[in-house]
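For the sequence shown, the numbering used here assigns the number 0 to the initial residue and increments by one for each residue that follows. Shown next, in structure tokens, is the structure this report addresses.
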Amino acid sequence: FRLHLHIKALQGLCSSLRCQEEQRPAGKHQGEGSRVCTPCRRGWTFFQDRCYFHSCSLGTWDTANRSCASLGALLLQVTSLAEQAHIVASMKAPSFWMGLTDQALEGAWMWVDGTHSAANASYWQTGEPNGRQKENCALARQDGHWYDAPCTEQHHWVCEKEP
Ligand SMILES: [Ca+2]
Ligand SMILES: [Ca+2]
Numbered sequence: 000f001r002l003h004l005h006i007k008a009l010q011g012l013c014s015s016l017r018c019q020e021e022q023r024p025a026g027k028h029q030g031e032g033s034r035v036c037t038p039c040r041r042g043w044t045f046f047q048d049r050c051y052f053h054s055c056s057l058g059t060w061d062t063a064n065r066s067c068a069s070l071g072a073l074l075l076q077v078t079s080l081a082e083q084a085h086i087v088a089s090m091k092a093p094s095f096w097m098g099l100t101d102q103a104l105e106g107a108w109m110w111v112d113g114t115h116s117a118a119n120a121s122y123w124q125t126g127e128p129n130g131r132q133k134e135n136c137a138l139a140r141q142d143g144h145w146y147d148a149p150c151t152e153q154h155h156w157v158c159e160k161e162p
């Protein structure tokens, strides 16, 4: 089962590499052997001392959570307006899972590292979260806002780690 997860994570990484190669402007290469250097592994983007990975595949919140863990990372934790803006600007999918859940206690939204979601750095859409016990996992959409949704829905996801 763990091998299966590894394979799924690698597939996600490979497709992410393809995404990045496709998005890189053709004129940016300055001759053979030149590389874009960041402290992050290939396939990850760098922003304010953190590395981010955008999955190309879809999965449930649990799948996303385990995939990030298998990459030595955590599901995205948004802790500032700048980070929120960067992540939304670099989105490649209509929606993605974040590492925010109220599965442990309804209404108590916690990040996957165990910290509580701060009210001064939360970006819920007006009226959200609205799913009570039926929607316990948080995703971000292209409008830049957060929504609670059933954890079994299939969405892309973003992992985050230190370089
Ligand atoms: Ca809930
Ligand atoms: Ca909702």
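Yeah, the Cβ is synthetic: ideal placement off N, Cα and C, and Gly gets one too. Computed from a predicted structure; not experimentally measured.
DSSP state of Lys-133 mapped onto helix, strand, coil: helix
Can you list the residues near ligand 1, meaning Cβ strictly closer than 7 Å to any non-hydrogen atom, in the order they appear in the chain? Asp-101, Glu-105, Gly-106, Pro-128, Gly-130, Arg-131, Gln-132, Glu-134, Asn-135, Asp-147
At which residues does the beta strand (DSSP E) containing Ser-94 begin and terminate? 94-100
Give the range of the alpha helix (DSSP H) segment to which Cys-67 is assigned. 60-69
Are the Cβ atoms of Ala-84 and Lys-160 separated by less than 8 Å? no
Reference Glu-135; option with closest CA among Gly-126, Asp-142, Tyr-146, Gln-141: Contrary to the premise, residue 135 reads as Asn rather than Glu in this sequence. Checked all of Gly-126, Asp-142, Tyr-146, Gln-141; the closest Cα to Asn-135 is Tyr-146.
What's the gap between the Cα of Pro-128 and the Cα of Met-90? 21 Å
With distances taken between CB atoms, is the gap from Trp-156 to Ala-88 smaller than 8 Å? no
Helix, strand or coil at Ser-33 [DSSP, three-state]: Low local confidence applies: a pLDDT of 44 at Ser-33 is under 50, so the model's placement there is unreliable, and no value is given.
Sequence-distant residues of the same chain with beta carbon closer than 8 Å to Cys-18, five excluded per side: For Cys-18, the predicted model reports a pLDDT of 48, less than 50, meaning its position is unreliable; a value from the coordinates is still stated below. The answer, listed in chain order, is His-53, Cys-55, Lys-91.
Cβ-based burial, Ala-107 [other Cβ within 10 Å; buried from 16]: exposed
Which listed residue (Arg-131, Tyr-122, Ala-137) has its alpha carbon closest to that of Glu-82: Tyr-122
Between Cys-150 and Thr-59, which are expected to be in contact by the criterion C-beta below 8 Å, what is the C-beta distance as a whole number of angstroms? 6 Å
Between Gly-130, Ala-103, Asn-119, Gly-143, which lies nearest to Pro-240 when the distance is taken from Cα to Cα? Residue 240 falls outside the range modelled here, since the chain spans only 0 to 162, and no answer is possible.
Mark Ser-116 as exposed unless 16 or more other C-beta atoms lie within 10 angstroms of its C-beta, in which case mark it buried. buried
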